[in-house]
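Just so you know, we're using our numbering here: the sequence shown kicks off at 1 and counts up by one. See structure below.
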Amino acid sequence: MNLATVLTRAATGVDTARVAVEVHLANGLPAFNLVGLPDAEVREARERVRAAILTAGLEFPPRRITVNLAPADLPKSGGRFDLPIAVGLLAASGQVPPSVLADHEFHGELGLDASVRPVRGVLAAALAARREGRRVVVPRANAHEALRVGAQTVAVASLAELVAWLRGEREPAPPAPMEEAASPVWPDLAEVKGQAGARRALEIAAAGGHSLLLYGPPGTGKSMLAQRLPGLLPPMTEEEAIETAAVWSSDGRFTPQHWRVRPFRAPHHSASPAAIVGGVGGGGAVRPGEISLAHGGVLFLDELPEFERRVLEALREPLETGRVAVARVKERVEYPARFQLVAAMNPCPCGYLGDPSGRCRCTPAQIERYHAKLSGPLLDRIDLWVEVPRLLPETLAAAAPGESSAQVRARVLAARERQLARQGKENARLSGSELETHGRAGEPALALLGRAMARLDLSARAYHRILRLARTIADLAGHETIEPVHVAEAVQLRRLPF
């Protein structure tokens, strides 16, 4: 037989596209041609495959070899095609029976020593293969990803082990049993002394999935509060866990310890737009950014005005849609990006504007430029704006211990359960029309909101955000209807001093 076809998949973000690796052997001068829109990493597979086959004690066919990666218009990147190319060569040259290939998909990079190395995106590929009724052959280091989504999995550590199995000589060692992730230990909210207003805002943000901006002088506890938000959030659903794991797998970062653990990402303010939003990584492949790695969890941006303006403006669409599109010349890749934003900032460049000590020496022009780094449309998309003031030493010393994360989380879980039973999603994700159906605001509450809109000159987007906040506050209080007291608190949480 001079022709063999092996199935695999190309990664396109958190999705995959089926690829048929067609290998043809012809008479003529020995050559190895690779076609089908491969990038530099894939073209280098020729030398890796040749060395691996010879190292495994197999024959590399001295023929004119043509490998086609179909469909030809789909960009191919990464080392994941090494293993299917090698298997196709061995099947076309009669060294393994081609009959066993039809119901399997192969993924893996080959080392020169014929070892099978892990690749990115196995979780999504295994999920797609399971839906189509095929087994997956993956590197042993990636087996936990395939098993996690229930795919029939063959895990191999070397090309020789795979060939022995394909020939029916011996079964490969079974994959190691899945490790269960240990419950993460998040910092306890009880460690934050004072700051009752900020603690209350954090509870509301956790209960409704709302974004949050903390502003105040340095050292007042903004970062401490942000780091404690994941410990208040409810556990992931199966769908959320798979989506989040698929993002991490697409970047080669997924481990068993990540399963069902909400991410907490805190990039430095010097991060580039590609690092935050996503872009082309090594080898030309599109990679997810911090906002996608935070999917299902928390994205903490400390020193918010110090981030590049392009980075901040790029957050606007994901905050609304929960997705981000990364485009390059030949492809457009979408990643999920439904994260909970927590941002922190100082009131002025030096950080001490309004401090009782009078330490601030910033000029009005400097303060105005600092605030102008944050556009109105971006601020409008942040649900809660909360001041974290400096507390006097005697106030801190006299402050009673606050509630623990466990106590607050119990209320958050109860509020989330009400939301899911009522509308199937958290309040922060309600559209305008869904708010009319599920908001359940009484006439006095709507009248108060109307007066606040007129007095504070708020936008239509702010109207809906205040109503969502009020709905969450009512859920925390166990009320079916939004009352004026809930609207009043929501309005107070939407007021910036600048």
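Here a beta-carbon is modelled for each residue, glycine too, at the ideal position from N, C-alpha and C.
Query: For Ala72, I'd like the list of residues in its chain whose CB is within less than 8 Å of its CB, leaving aside the five on either flank, ordered along the chain.; Result: Val35, Gly36, Leu37
Query: Rank Met178, Thr437, Thr237 by C-alpha distance to the C-alpha of Arg480 and give the top, closest one.; Result: What sits at residue 480 in the sequence shown is Glu, not Arg. For the residues Met178, Thr437, Thr237, the minimum Cα distance to Glu480 belongs to Thr437.
Query: How is the alpha helix (DSSP H) around Thr244 delimited, first residue to last?; Result: 238-250
Query: Per DSSP, Asp15 is paired with what?; Result: Thr12
Query: Can you list, in chain order, the residues of its chain with a C-beta nearer than 7 Å to that of Ala157? Leave out the 5 residues immediately preceding and following it.; Result: Ser115, Val116, Arg140
Query: What is the DSSP secondary structure of His479, reduced to helix, strand or coil?; Result: coil
Query: Using only CA atoms, which one of Ala441, Thr220, Ala399 lies nearest to Glu505?; Result: Absent from the model: residue 505. The displayed extent of the chain is 1 to 498, so no value can be given.
Query: Spatial neighbours of Leu353 within its chain, please: CB distance less than 7 Å, with the 5 preceding and 5 following residues excluded, ordered by chain position.; Result: Pro347, Cys360, Cys362, Ile367
Query: So is His268 buried or exposed if we call it buried at 16+ other beta carbons inside 10 Å?; Result: exposed
Query: Can you grab the Cα-Cα spacing for the pair Ala129 / Arg253, in whole Å?; Result: 21 Å
Query: Would Leu449 and Leu469 qualify as a contact pair, given that the criterion is a beta-carbon distance under 8 Å?; Result: no
Query: Extract the residue ranges of the alpha helix (DSSP H) inside the stretch 313-337, only unbroken runs of 4 or more that lie entirely within it.; Result: 316-321
Query: Rounded to the nearest angstrom, what separates Asn33 and Pro336 at their Cα positions?; Result: 37 Å
Query: Just the Cα atoms here: how many angstroms apart are Arg495 and Leu212?; Result: 12 Å
Query: Where Leu315 and Val324 are concerned, what is the direct C-alpha to C-alpha distance, given to the nearest angstrom?; Result: 9 Å
Query: Determine the contact status of Gly28 and Arg80, defining contact as a CB-CB distance below 8 Å.; Result: no
Query: So what does DSSP say about His269, is it helix, strand or coil?; Result: coil
Query: Could you give the C-beta distance for Thr55 and Asp113, rounded to a whole number, given that I count them as a contact under 8 Å?; Result: 6 Å
Query: Between the Cα of Val487 and the Cα atoms of Leu456, Arg461, Leu446, Ala454, which residue gives the shortest distance?; Result: Leu446
Query: Where does Gly28 sit, in a helix, a strand or coil, going by DSSP?; Result: coil
Query: So Ala410 is in the beta strand (DSSP E); what residue range does that whole segment cover?; Result: That residue, Ala410, is in no beta strand (DSSP E); its alpha helix (DSSP H) goes 405-423.
Query: Could you check which residue in Leu189, Pro305, Val6 has the C-alpha nearest to that of His107?; Result: Val6
Query: Using a 10 Å radius around the Cβ and a threshold of 16 neighbouring Cβ atoms, would you call Val298 buried or exposed?; Result: buried
Query: Could you pull the start and end residues of the alpha helix (DSSP H) that Val491 belongs to?; Result: 484-492
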